[in-house]
Amino acid sequence: MDTGISRQKIHFPADGLKLCGHLYKPGNFDEGGKYPAIICQGSAFSVKEQMSGTYAGKMAENGFIALAFDYRTYGESEGAPRQYENPEAKRNDLEAAVSYLLSLPYVTSVSALGVCASGGNVAHLAATDKRLGSVAFVAGMVGGPAELAAERNTSDEEVAALMSTIRAAKQHYEQTGEAQRLTAYSSTDPTAFYFGDVDYYENPKRGNVQEFLNEYAIIGLETLLPFDPMSKAGDITIPAIVLHSDNCIASAASRKFYDNLGGEKELVWGTEAHFDYYDKPALIDEVTTNVARFIKGHTDASLS
52 MDTGISRQKI
62 HFPADGLKLC
72 GHLYKPGNFD
82 EGGKYPAIIC
92 QGSAFSVKEQ
102 MSGTYAGKMA
112 ENGFIALAFD
122 YRTYGESEGA
132 PRQYENPEAK
142 RNDLEAAVSY
152 LLSLPYVTSV
162 SALGVCASGG
172 NVAHLAATDK
182 RLGSVAFVAG
192 MVGGPAELAA
202 ERNTSDEEVA
212 ALMSTIRAAK
222 QHYEQTGEAQ
232 RLTAYSSTDP
242 TAFYFGDVDY
252 YENPKRGNVQ
262 EFLNEYAIIG
272 LETLLPFDPM
282 SKAGDITIPA
292 IVLHSDNCIA
302 SAASRKFYDN
312 LGGEKELVWG
322 TEAHFDYYDK
332 PALIDEVTTN
342 VARFIKGHTD
352 ASLS
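Written out as structure tokens, the structure reads:
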């Protein structure tokens with residue numbers, strides 16, 4: 052495996068905005084050569100310096116041109132309000148990333164890998180963008196509203212309170228232009244979007260990098276909560292590999308999603324915890340080796 056990879060900061064347009072990414076190349080990269088490419092994206096509210104960059108680097112070691120980028124309103128990409136989750140906009144960003152990679156003369160095919168929440172975004176991309184060759188879902192959050200409600204065991208009262216908070220935040224934004232924010236991930240704040248053991252996001256040696264802002268715009272929940280990747284599974288007819296575990300978040304939804312996929316598929320089921328898929332070296336080596344094998348095994352078919 053080639054470990055002498057390079058990383059280059061790049062920009063590309065999406066809906067009139069300038070998005071910022073890191074393009075990873077194999078260490079033996081030849082400008083006149085031909086390579087498969089892959090887009091690697093991560094969890095909700097994350098930036099390219101976190102798990103998406105980790106996966107992109109590993110895919111470059113496996114011989115891919117790999118792109119990790121900041122979705123609009125995050126990190127170094129343009130867009131407002133900041134920290135705003137919008138699944139439709141993220142799909143557009145992914146489509147723009149496909150266009151960017153296909154514009155590179157040394158790229159022969161484009162695949163996509165979604166970790167956690169980007170699994171859902173990649174599902175929407177794969178269901179509609181016929182330029183995509185293969186797709187990988189890693190610890191993917193691919194359930195719809197019904198699966199999310201079952202996973203979180205949310206009461207009717209909690210849902211009502213949340214909807215009231217969203218309405219108030221939306222009214223505040225319309226009146227003042229300020230998008231109010233809350234903590235995204237926390238082990239101490241029960242009002243956070245995800246409350247629990249989140250060492251990955253709180254530990255500077257893991258995912259608590261300088262570029263990461265641990266906040267989200269409340270109004271984004273209006274588009275995020277009804278988001279339904281599960282409904283797109285049957286429309287995904289390109290080769291797909293699902294890598295998940297019983298100890299991951301939304302494992303039942305991931306199995307259901309896999310069963311509903313409409314094309315050739317492979318399931319790699321493990322035992323690791325959800326956040327291990329973000330930065331556990333041995334696990335990421337295993338995952339990216341499997342993804343590279345799967346995609347390369349279908350590259351010729353995707354180009355025919």
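Per my numbering, the very first residue in the sequence shown carries number 52; after that it's consecutive. Here a beta-carbon is modelled for each residue, glycine too, at the ideal position from N, C-alpha and C. All figures in this text were calculated on a predicted structure; none of them were measured in a lab.
With a 10 Å radius around its C-beta and 16 neighbouring C-beta atoms as the bar for buried, classify residue i as buried or exposed.
| i | result |
| --- | --- |
| residue 209 | exposed |
| residue 290 | buried |
| residue 212 | exposed |
| residue 181 | exposed |
| residue 305 | buried |
| residue 333 | exposed |
| residue 82 | exposed |
| residue 352 | The predicted model places residue 352 with a pLDDT of 41, which falls under 50 and marks its position as unreliable; any figure quoted below should be read in that light. The residue is exposed, with fewer than 16 neighbouring Cβ atoms inside 10 Å. |
| residue 316 | buried |
| residue 280 | buried |
| residue 381 | There is no way to answer for residue 381, as the model of the chain reaches only from 52 to 355. |
Mind reading off the beta-carbon distance from residue i to residue j? Whole number of angstroms is fine, and I expect it under 8 Å.
| i | j | result |
| --- | --- | --- |
| residue 166 | residue 102 | 5 Å |
| residue 131 | residue 198 | The Cβ separation is near 31 Å, so there is no contact. |
| residue 128 | residue 70 | 4 Å |
| residue 327 | residue 105 | Contact doesn't hold; Cβ gap of about 12 Å is too wide. |
| residue 89 | residue 164 | 6 Å |
Cα-Cα, which of the options is closest to residue i?
| i | options | result |
| --- | --- | --- |
| residue 66 | 150, 95, 272, 75 | 150 |
| residue 171 | 234, 95, 183 | 95 |
| residue 259 | 244, 222, 98 | 98 |
| residue 216 | 196, 202, 244, 237 | 244 |
| residue 87 | 341, 115, 280 | 115 |
| residue 287 | 249, 78, 111, 187 | 187 |
| residue 168 | 316, 299, 313 | 299 |
| residue 273 | 135, 76, 79 | 135 |
| residue 218 | 348, 177, 268, 184 | 268 |
| residue 324 | 137, 240, 248, 126 | 248 |
| residue 318 | 263, 335, 294 | 294 |
| residue 109 | 271, 133, 76 | 76 |
| residue 111 | 91, 124, 123 | 91 |
| residue 283 | 79, 161, 174, 100 | 174 |
| residue 343 | 296, 253, 161 | 161 |
| residue 278 | 79, 139, 234 | 139 |
Give me whichever residues DSSP pairs with residue i in a beta bridge.
| i | result |
| --- | --- |
| residue 92 | 165 |
| residue 349 | Per DSSP, none; premise fails for residue 349. |
| residue 282 | Looking at the DSSP assignment, residue 282 forms no beta bridge with any residue, so it has no partner. |
| residue 233 | 267 |
| residue 58 | 75 |
| residue 244 | In DSSP, residue 244 forms no bridge with anything. |
| residue 187 | 164, 292 |
| residue 321 | 296 |
Checking contacts by CB at 8 Å: is residue i closer than that to chain B?
| i | result |
| --- | --- |
| residue 240 | No chain B is present in this structure, which holds just one protein chain. |
Legend entry - Three-pair Cβ contact test at 8 Å for the stretch 186-195 versus the stretch 115-126: Counting C-beta pairs closer than 8 Å gives fewer than three between the stretch 186-195 and the stretch 115-126, which falls short of the contact rule.
Inset, instruction - Would you check if the stretch 219-232 and the stretch 57-66 touch, i.e. whether three or more CB-CB distances between them fall below 8 Å? - result: Short answer: they don't touch.
Inset, instruction - Give a yes or no on contact between the stretch 64-83 and the stretch 135-151, applying the rule of three or more CB pairs nearer than 8 Å. - result: With the cut-off at 8 Å, the stretch 64-83 and the stretch 135-151 touch.
Legend entry - Given 8 Å, three or more beta-carbon pairs between the stretch 232-244 and the stretch 305-320: Under the 8 Å Cβ criterion, the stretch 232-244 does not count as touching the stretch 305-320, having fewer than three qualifying pairs.
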